[in-house]
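Chains as they are written, first to last, in UniProt numbering: chain A, 1 to 437; chain B, 1 to 437; chain C, 1 to 437; chain D, 1 to 437. Cβ coordinates follow ideal geometry from the N, Cα and C atoms, glycine included. Structure record follows, encoded as structure tokens.
Number of protein chains: 4
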Amino acid sequence: MKGIKIVTIGGGSSYTPELVEGLIQYYDELPVRELWLVDIPEGKEKLEIVGNLAKRMVKKAGVPMNIHLTLDRRAALEDADFVTTQIRVGQLDARIIDESIPLKYGMIGQETNGAGGLFKGLRTIPIILEITKDMAELCPKAWLINFTNPAGMLTEAVLRYGKIKKVIGLCNVPIGMEMTIANMLEVDSSRIHVEFAGLNHMVFGTHVYLDGMEVTAQVLDLLGSGKVSMTMKNIIGLDWDRDFLKALKIIPCPYHRYYYKHKEMLEHELEELKKTGTRGAAVKQIEKELFEVYKDPDLAVKPSQLENRGGAYYSYAACRLIRSIYNDKRDIQPVNVRNNGAIIGLPEGAAVEVSCMITKDGPKPLAVGELPVAVRGLVQQIKSFEQLAVEAAVTGDYHLALLAMTIHPLVTSDVIGKKILNEMLEAHKKYLPQFFR
Amino acid sequence: MKGIKIVTIGGGSSYTPELVEGLIQYYDELPVRELWLVDIPEGKEKLEIVGNLAKRMVKKAGVPMNIHLTLDRRAALEDADFVTTQIRVGQLDARIIDESIPLKYGMIGQETNGAGGLFKGLRTIPIILEITKDMAELCPKAWLINFTNPAGMLTEAVLRYGKIKKVIGLCNVPIGMEMTIANMLEVDSSRIHVEFAGLNHMVFGTHVYLDGMEVTAQVLDLLGSGKVSMTMKNIIGLDWDRDFLKALKIIPCPYHRYYYKHKEMLEHELEELKKTGTRGAAVKQIEKELFEVYKDPDLAVKPSQLENRGGAYYSYAACRLIRSIYNDKRDIQPVNVRNNGAIIGLPEGAAVEVSCMITKDGPKPLAVGELPVAVRGLVQQIKSFEQLAVEAAVTGDYHLALLAMTIHPLVTSDVIGKKILNEMLEAHKKYLPQFFR
Amino acid sequence: MKGIKIVTIGGGSSYTPELVEGLIQYYDELPVRELWLVDIPEGKEKLEIVGNLAKRMVKKAGVPMNIHLTLDRRAALEDADFVTTQIRVGQLDARIIDESIPLKYGMIGQETNGAGGLFKGLRTIPIILEITKDMAELCPKAWLINFTNPAGMLTEAVLRYGKIKKVIGLCNVPIGMEMTIANMLEVDSSRIHVEFAGLNHMVFGTHVYLDGMEVTAQVLDLLGSGKVSMTMKNIIGLDWDRDFLKALKIIPCPYHRYYYKHKEMLEHELEELKKTGTRGAAVKQIEKELFEVYKDPDLAVKPSQLENRGGAYYSYAACRLIRSIYNDKRDIQPVNVRNNGAIIGLPEGAAVEVSCMITKDGPKPLAVGELPVAVRGLVQQIKSFEQLAVEAAVTGDYHLALLAMTIHPLVTSDVIGKKILNEMLEAHKKYLPQFFR
Amino acid sequence: MKGIKIVTIGGGSSYTPELVEGLIQYYDELPVRELWLVDIPEGKEKLEIVGNLAKRMVKKAGVPMNIHLTLDRRAALEDADFVTTQIRVGQLDARIIDESIPLKYGMIGQETNGAGGLFKGLRTIPIILEITKDMAELCPKAWLINFTNPAGMLTEAVLRYGKIKKVIGLCNVPIGMEMTIANMLEVDSSRIHVEFAGLNHMVFGTHVYLDGMEVTAQVLDLLGSGKVSMTMKNIIGLDWDRDFLKALKIIPCPYHRYYYKHKEMLEHELEELKKTGTRGAAVKQIEKELFEVYKDPDLAVKPSQLENRGGAYYSYAACRLIRSIYNDKRDIQPVNVRNNGAIIGLPEGAAVEVSCMITKDGPKPLAVGELPVAVRGLVQQIKSFEQLAVEAAVTGDYHLALLAMTIHPLVTSDVIGKKILNEMLEAHKKYLPQFFR
Ligand SMILES: [Mn+2]
Ligand SMILES: [Mn+2]
Ligand SMILES: [Mn+2]
Ligand SMILES: [Mn+2]
């Protein structure tokens, strides 16, 4: 028997031990015989550190999983069953730029939203499309499971311009919401079922069920009580107004704070910048320390310090997704896929984040119908932004990039938007050859 | 513990032993403590015969399920958990009229399609809407699971005009297709997964998977080979043209023969009428014999003769549906529900027959997207027919009934359609008070 | 001043004197300085006969319009302002085949509907697409005004596959309906305004206004009275059922008889075939006689005999369309154009026949909204047929042609549809090279 | 002959002389015999001043138009042909509140957008719906032509909840854009044709034609040149970024500055507030002076000072609309009507501002198709806001009002939005009984 071959592009990431831990735990249902960790020459050192830790972990766990480390992506891809991507074009220094320049002009500076998210997309989309070219040639039957941000934009790009169509965008936001809800209700998460609908980092929990009975209103009330908080490592947990949640009737995701608390989030970011610098800089420090820990030749498990990094449940989300595809489980998981009419009003071919039945033939979205009238416009606007950003990334068209920038709700001026665009294009020039031909 | 209470309206039906057999088999997962069989005074004798058989079956099986027989529907409905309906307004004599009059005018005479289906709908919709009134009052949390034909039209009527919204239309056609496909491929049906989309008796298998891998083309080829047949007891199994199936790319249901083999089906019906009379008359004879068998006080299982009656897999379909709701199973089953955008192009509020995830909160349709261009129009036309028929049934408006009749693809003349309408209105006058006010 | 240059492809048609008469009458608003009549070598004789008549007409009228006769299409097209097409691939002999073969198998045999319309489309679409290639090169700013049948299918083909996008399909059916309605109401047609919506030869008058006040119900009542008839030269004027029209609430076009009186129309065609042969054969005889008349060197006006040929109002329709484009009139005319959302539920890019504002920038459809529920399915089915037929014509794919054939409502059997397809492919082989590669 | 009867509700408005001037100019095509100016008791003095001026104007012009002044709305409405509404619930003091409170919390304070527009809608919708009740009873055939702001929201309210359906919302923004464009291009406005699509105060010029040839790109370039400005009296004419306009490809309306220059507009408003107070206060002063002028018994024409008030072209827009309806002109004008599918993606029943053919049967929108991807989301979001605001106005539901407030793009915080809501509800309590039951 051949066994499963997984290729992880950006394998030198600090998250890799998470993934390896998950693959070990799921081994019975998901017999991975080969895990190829691929990285670029600049990441060689990290790849070796993290790769050696992975080897120690596997050995200690006693599972027959072979870990391969390589800088040769094409060699790795051959006959892969699953390809996961967790790349960061321009590394954390690029992120720091994405966060700093918009803030300098008084606009939100954030990794995956607004001007910052736009540039992360512009840098990353060409690379992900190249990966799909290789896959079409070397492993045409494999699934591409993309963890890289901005995951919605990247899924959209692959659906529209990729050489393969078997792509799934994966984010830990929905699973984190499910877990928080279970905690709030003080029940095991297996008793909770949340219906998700929206876009990546713009997803809503539209209905929550406890043992099959709807408890959405109760969850909204708890969430508005100020006693619990649902957030991510990288987003400050500002409280929601209880009446607003009651009026909204659906559960916003942590990132919705950028939209419904735009003013406060901007003020907070400006303060933080003064006090402690960007999130990117903080992460850079965390990563540095993490890799020191990883180097320890006696370490053969995922170290607890990884939790500070964020990314909770990523490993769980990834492993249960791959497992359900591999075993044709037909269970329900929230992922980023082709809309296919699931959300009325969004293009049939657009990437959306919705609850899907996971089968060997891929995720099949459940029909959402119309989104609630209150959120329809915002969701469409972000989708429009993503569509224009993808077009801009593929064509290198300056005006398309300007349009994407300006229509984003977190960029509140055409004139300033253009200044930000110009300065960021210059700052990221090295990673944006399509704009400088 | 209270246990589940099921109420079966039309409990004196010859199909009831099927249902009872199923409930016995599923008892572990579906602990039914009370089964109320309800019928109308005209059906009292049959109710007693079949009810006593049911009691003997339960006793022999040793399950603690109480069978109640009653003519008092409202008494039965109180606090029910599930209400199933299998009624036949006007009994088989009305069906014989539905089949005969259209044929006299050279048009298809069929129980659930065309002029016959229209009149079955006109007679039955007011009754089903009355049942929903009682349910709203007496068991507002119960699910209405409707087996009565025309199931699509009835589900549409309840969705639009019913006093309750928890309704599911159930038909054995999709499950029969799944079983036939499993037989064709010579595999156990559990390894087969078929995606269904369309309307009741106008449903297509859009994708077939074997162990998660698509095998649709292979199934179409087998189906066009003339070696196997996929049909129902009441539909002659005329062979499909292999090239047509290859061109269609999706799997038609047995009833599609009325549309894609209209000419042959009409010729066949006219011949049969001459040779052996209507299907209704044949069924009447089968039923008569069946009830003789049922009377046997030594009989305590479903007799094998029931198979001649048709309705294969009804019991299985019903029990697995109720079980999955009761247990919040979240498995996939094809049922008739509110579209909710699952099929693009059909109204969001229309009843459609699609693969759904079955939860305690009811069925959640999987997104189908656009139907293939080749079938879009036909499906819309039948849905238009159903919408107009529902309006006509509710209002008693002659012109709406005439419009429904004339636009049906199986009625190929406005002038003759009107003659059929007039003669059928007169023939069914007793059951159509709304048209004679 | 340059003056307008019109090129008429298929200029040797018997209809040409109609067009010339119109151009003479409209000369003040539409100063045509050059009219190029183009035909193929097989049509050289007719071209000369009709061309010489045209020259005599122009001379007698005293307008400075130059008539050019040529077999060199590319020479003619250079710098044209408007190109009209009235071609007949395979001439009337092909039409006779289109009408005969389906009838032999008991199906409607008609020039533009059903199996016959399908084959007329398959033969003509490649030619019209070639014309658009020449236009893109030689007169890219010109409008293509297509009179050739099946006009809906051809417009669809050009919109999807043409090298130019400035195309309008023109039919005399809507204008004929308007004129008949004016006659019925005994008022001048200028006081009547009809809103049209649907497809070519499947168009409905959705609202009729007299002096701006709605009179649709009155018109329907008159039309169902049996005292007046609205039809075309080539369609028998079978009466509509008055109650059906009242129920329908919108005004069907003459061709709708093939759908709502399918049975009677088929019986009538079979009878006629026996009695007098096909319509194509009759037209052939009429044309022969017409050309004899045209030869008369003393004839310098459109002869009255042309009226037997059909095509009433074509000249009027064509001239007022070209005039309104040329003069940016912004008046309302029913033409075949890109849907652009005018009819909800049909593809945004599909060809539809709707009331449009006619501007120098082309026709701008008025928003229709949803078609009435009663006709939605039939219209979608014909559109589906057209879409598949266009695909088949462009690709030469046998299975697509079979699918188009079988889903057409006038072809009521998959098995017989295939026989008709096979026999017609063989009969028209010469004109269908794309199917015989 | 009866002659036309027009009723103007809010007849004591300072704009009335505009309207009267227009009616005098258009008298030949629009023979108004009775003009009823209606107002409420609080407006009696103004009504008399302006009414007497109107009488002097009519007398001087020598047209036989009778001016009636009344406080009895129902008496006035009887048998009216057209009803125009130009009311201001709470007068200018309410406007000052609408502008001040949001600004106090750092949010845009504007008459028709954001929090201010919301409250203007909440106050006015109940009154406009009462007017439709009277109309349904007293002049059911009349057209309601609403000039009152927020005109989009009010049209939406009447379409959804009004007792009459013959409603048109009218704004001078599109006509002002057309005039500015004509000025820019230095041509007479009759040679210009602009296609409009969007919502009231959120409308775009999607295509501009000069003599029928598209010149949109040229217009955008001029508009971005900084040499010309397209704005309204009440909106500062901040320059558009030339590249942004080039990227957008369609022409924004003056109000779009609040969205695409949100930051600058907010800063400007805050500055202005400090320097000169609200726009409402300024208008109050202008009005005071105007009415002094109106009192002059020697004045018998519209005084030139009215121009400072804003509202340019209102009279022209109103008169040409009424004239085209009355005369069934079938010309093209941009108005607010039921979408009817004209803009794909917005609800079929929603109010939209689009180019329409104006007929005796009302405006018929031209099909727009999909809005450009860049603006789809913003337009949908404002439509969502309007829909929720209408629901809130009709129900008096606090949570709906909070939801409308919070989702508006100009309100950038749930917590602050709630504070604004609470303070404004209290401030306008007298005019919002539905929220205090
Ligand atoms: Mn994420
Ligand atoms: Mn069935
Ligand atoms: Mn025609
Ligand atoms: Mn306005």
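- The secondary-structure analysis by DSSP pairs residue 7 (chain D) across a beta bridge with D:36 and D:83.
- Contact note: residue 260 (chain A) reaches chain D through 406 and 414, using a C-beta cutoff of 7 Å and chain order.
- Nothing from the segment 217-232 of chain B brings a Cβ to less than 9 Å from some Cβ of chain A.
- The three-state reading of DSSP puts residue 338 (chain A) in strand, counting E and B together.
- Here residue 261 (chain D) is near residue 413 (chain A), since their CB atoms are less than 8 Å apart.
- Using a CB distance below 9 Å, the part of the segment 180-205 of chain D facing chain C consists of 193 and 195, ordered along the chain.
- For residue 209 (chain A), the uninterrupted beta strand (DSSP E) segment begins and ends at 202-210.
- In the DSSP assignment, the residues bridged to residue 364 (chain C) are C:357.
- Counting along the chain, residue 167 (chain B) sits inside the beta strand (DSSP E) bounded by residues 167-169.
- Inclusion of residue 102 (chain A) and residue 117 (chain A) in the CB contact set at 8 Å is not warranted, their separation being larger than that value.
- For residue 213 (chain C), the residues of chain D that pass the 7 Å Cβ criterion are 360, in the order they occur in the chain.
- Annotated as distal: residue 152 (chain C) and residue 339 (chain C), with beta-carbon spacing of 8 Å or more.
- Residue-level contact by beta carbon holds for residue 367 (chain A) and chain B, with a gap shorter than 8 Å.
- The three-state reading of DSSP puts residue 256 (chain B) in helix, counting H, G and I together.
- Across the structure, residue 404 (chain C) and residue 384 (chain C) are spaced so that their CA atoms are roughly 8 Å apart.
- Per DSSP, residue 240 (chain B) has no beta-bridge partner at all.
- Counting the other CB atoms within 10 Å of its CB gives residue 370 (chain B) a total below 16, which places it among the exposed residues.
- Counting only residues of its own chain and dropping the five nearest sequence neighbours on each side, residue 293 (chain D) has a CB closer than 8 Å to the CB of 299, 303 and 305.
- Nearest CB-CB separation between residue 165 (chain B) and chain A: not below the 8 Å threshold.
- Rounded to whole angstroms, the separation of the alpha carbons of residue 175 (chain D) and residue 77 (chain D) is 29 Å.
- With a 10 Å radius around the Cβ and a threshold of 16 neighbouring Cβ atoms, residue 334 (chain D) comes out buried.
- Taken through DSSP and simplified to helix, strand or coil, residue 213 (chain C) comes out as strand.
- If you check the C-beta of residue 151 (chain B) against ligand 2, you find a heavy atom less than 7 Å away.
- If you check the C-beta of residue 173 (chain C) against ligand 3, you find a heavy atom less than 7 Å away.
- Ranked by Cα distance from residue 234 (chain B), the options B:2, B:246, B:211 and B:258 are led by B:258.
- Where residue 197 (chain B) is concerned, the enclosing beta strand (DSSP E) starts and stops at 192-199.
- Around the C-beta of residue 213 (chain C), fewer than 16 other C-beta atoms lie within 10 Å, and the residue is accordingly described as exposed.
- The three-state secondary structure of residue 369 (chain D), taken from DSSP, is strand.
- The Cβ atoms of residue 70 (chain D) and residue 145 (chain D) do not sit closer than 8 Å to each other.
- In terms of beta-carbon proximity, residue 243 (chain B) stays away from the interface with chain A, with every pair separated by 8 Å or more.
- Nearest to residue 148 (chain C) by C-alpha distance, out of C:217, C:314, C:421 and C:5, is C:314.
- The Cβ-Cβ distance between residue 400 (chain C) and residue 217 (chain B) does not fall below 8 Å.
- For residue 125 (chain D), the secondary structure class from DSSP, reduced to helix, strand or coil, is helix.
- Rounded to the nearest angstrom, the gap between the Cα atoms of residue 202 (chain C) and residue 387 (chain C) is 15 Å.
- In the displayed model, residue 181 (chain B) falls within a helix according to three-state DSSP.
- Of the candidates A:32, A:45 and A:3, A:45 places its Cα closest to the Cα of residue 12 (chain A).
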